[in-house]
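Input: a single structure, listed below in structure tokens.
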Amino acid sequence: QYGGALSSVLVAETKDGLGGRPRGGAALSPVALRAVAEVPLATNVGLPASARRSYLDLLLAPSLRPTGNVALTPTNAETEAATDFGYAFYDVHTKLSWRPSRWHRLAATVYAGGDRLNADVPLRDLIDDPGDPDADASVGYRWGNLLLSGRYDYLYGRTFFVSTTAYHSAYRTREDALDEGDPLRTPLLDSAYRVRFAETGL
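Counting from 4, one number per residue, gives the positions in the sequence shown under this note's numbering.
This is the structure in structure tokens:
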């Protein structure tokens, strides 16, 4: 059916949430909390939605942060300098489906997902000669995806159908690094990096 696949094919079809009663559920894993709901707005209109977020950064932070940050890797036992690290990810998805008749179906989908990584590290770990050996640097990373799509399916008889999809997909990432030394001097480390890629099609 799918041609020359060498090993496997993964096909994912999102739910329509049409018919039946409202349903929902939630699950907790060692890494993330996720929830899903299916809400039939009418006999021929459905609205399923789902969301997920990691929670280790929220769960561990209050018990491990001695001075406002999570100290995971001490770099010098004789000082309070430490490498502080935090990571989290999330994604959300919803789809509005409308089936006005057995021959027509319309759907609008929104998906967004992202990751966040923050680290406070001694500047000497990033620069050979920072001048101030006790200076810290803050490094942050963000990356994620956004997808918008609209789909129309038309079924003509039992052997012919037409499917049309319009979509917009965008990816973004950013990196920021700044040393948190003396505010009166020029920063030894000051970096901002951005990447954006988007595609729109029919």
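C-beta: ideal position from N, C-alpha, C; glycine also.
What ranges does the beta strand (DSSP E) occupy inside the stretch 131–168, keeping only unbroken runs of at least 3 residues that lie completely in it? Runs of the beta strand (DSSP E) inside the stretch 131–168: 139–159.
According to DSSP, G116 sits in a beta bridge with which residue or residues? Taking the first residue of the sequence shown as position 1, residue 116 is located at position 113. Paired residue(s): D94 and N148.
Buried or exposed (CB count within 10 angstroms, at least 16 for buried), G20: Locating residue 20 in the sequence shown gives position 17, where the first residue counts as 1. G20 should be labelled buried.
Under 9 Å, Cβ to Cβ, is there at least one residue of chain C near D19? Judged by its chain identifiers, the structure shown contains no chain C, having just a single protein chain.
For V42, I'd like the list of residues in its chain whose CB is within less than 6 Å of its CB, leaving aside the five on either flank, ordered along the chain. Residue 42 sits at position 39 when you count from the first residue of the sequence shown. Within the same chain, V42 has close Cβ partners P25 and L50.
Can you grab the Cα-Cα spacing for the pair D156 / Y114, in whole Å? If you number the sequence shown from 1, residue 156 lands on position 153. If you number the sequence shown from 1, residue 114 lands on position 111. Taking the straight line joining both Cα atoms gives about 20 Å.
Grouping DSSP H, G and I as helix and E and B as strand, with all else coil, what is D182? The count along the sequence shown starts at 1 and reaches residue 182 at position 179. Strand, per DSSP.
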